[in-house]
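Number 190 in our numbering belongs to position 187 of the sequence shown; there are no gaps in the numbering.
For glycine and all other residues, C-beta sits at the position ideal for the given N, C-alpha and C.
Below: one structure, written as structure tokens.
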Amino acid sequence: MNSYKEAQEYIKKISVYGSVLGLFNMEQLMNILGAPYEKAKIIHIAGTNGKGSVGAFIESILEDNGYSVGRYISPAVSSYLEKFTINSLPISEESFVRYLSIVAAAAEELSPHPTVFEVETAVALLALSKCDYILLETGLGGRGDATNIIKNCKRAVITSVSRDHSAVLGETLKEIAYHKAGIIKPGTIAVSASQKPEVMGVIEEECRRQGAELIVCKEPENVRFEDYSLYFDTENEKNLKINMIGSFQPQNAALAVCVCKSLGISSVRRGLERARWQGRFEILSRSPMIIADGAHNEDAAKKLAESLEEYFPQREIYFIMGMLADKDYDRVARITAPLASKIYTITPKNPRALENTVLMEEVKRHNANVCAADIETALSECVKNPDAVTVAFGSLSFLGEFRNIAGRINGESK
């Protein structure tokens, strides 16, 4: 392929191969491509919620300490190439075309054809291979995830584990934890957030089985909210500041600090403060207050509700909700809908999108003041009340579009 347009057309074409757990395809693909990435220090991140935020904190700390950092995430929020970054900047279109051409040539030799996520993972492993560190975020689960093709990692990081993708990963927390803990490699060091006992038991057993050391990050203490920043203490650091303000972010930041300290990095304060991550209780505007959040499952919905109740207890709340059909949208609606004065449901631009009218009927069970709309109409109505807090949440697949519309509407209102 000779252009970025052709590359995007190829990605669209192979999307028909769907999503497949298991490493057979990746093993065949990487046997052809080789493994130059194994020379890098890989930090592999799995978990239900917080993978992106923990990765953003680690990335910022490592960069602040002078390391080159490659990062692979899924999904992107604003632009496709956000999936592949070096020192927080997306790789160039030219680089993407070059590496995708190499991977595509190998993929065409295989049957069954690798999925789009497998192809993108292979592109990431090649494109980021020369970085000092590679932050590798699982797409689904961990044990059978395409990213788990790596044979070793510097750190296996497990963020908060809760219910999500139950149809694939299992109904119980133990079953889900089994998949997440699958990234723990023989002889590595695993760093985990504090977990529910049944989850921690699975992680501890996997560490014993693999001969891996386990570090459990303690919960942050003395958390306080001041002037749209969060401050907290860890076991060895006091008065740390972060500008990512969801109620869940101190735990994510503390986990990132724990990972970096375990790598021998002592300077974490400035990197934490500089860290940014789109769509995670992200304040897009303060007047009017507009927030974007990726809450798409039960646990994330609880944390979103906690954040709103803690930071905006006396403010009127408006919601703009968009969900994917394979998510627990009924649970998300039950937790969040009672908090809002008005709710607009939208249909994300995603093949797995839940229709806004279907989501509207579910929300009605918990809040009658709901209607289906498009993003622009919904936001235009919300900002008519300058004192209200407008929160768009659910699928990350619509938050990029929402950010663009919010910027334009907010600019026009001033």
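- Inter-segment contact for the region 354-371 and the region 204-219 is absent: fewer than three beta-carbon pairs are separated by less than 8 Å.
- Contact between the region 241-254 and the region 310-321 is present, with at least three C-beta pairs closer than 8 Å.
- Pairwise C-beta distances place the region 125-141 in contact with the region 37-48, as three or more of them are shorter than 8 Å.
- Separation of Leu327 and Glu62 (C-alpha to C-alpha, rounded to the nearest whole angstrom) is 29 Å.
- A residue is called buried once 16 or more other Cβ atoms fall within 10 Å of its Cβ, and Phe27, having fewer, is exposed.
- Bridge partners of Met324 according to DSSP: Thr348, Phe396.
- The continuous stretches of alpha helix (DSSP H) do not include Ala196, and DSSP gives it neither H nor E.
- Between the C-alpha atoms of Asp331 and Asp167 there is a straight-line separation of about 8 Å.
- For the options Lys133, Arg158, Ala109, Asn407, the alpha carbon positioned closest to that of Ser265 is the one of Arg158.
- Put simply, the backbone Cα of Gly274 is about 5 Å away from that of Asp67.
- Here Ser269 is exposed: its Cβ has fewer than 16 other Cβ atoms, across all protein chains shown, within 10 Å.
- Within the same chain, and ignoring the five residues on either side of Thr124 in sequence, the residues whose Cβ sits closer than 6 Å to its Cβ are Ala149, Thr150.
- Between Val392 and the set Met363, Ser6, Ile323, the nearest pair of CA atoms involves Ile323.
- Secondary structure at Arg74: strand, using DSSP grouped into helix, strand and coil.
- Ranked by how close their Cα comes to the Cα of Ala130, the residues Ser169, Lys86, Ala343 have Lys86 in first place.
- Inter-residue distance for Ile14 and Gly185 is about 28 Å (C-alpha atoms, whole angstroms).
- When rounded, the separation of the alpha-carbon atoms in Leu382 and Ala409 is 7 Å.
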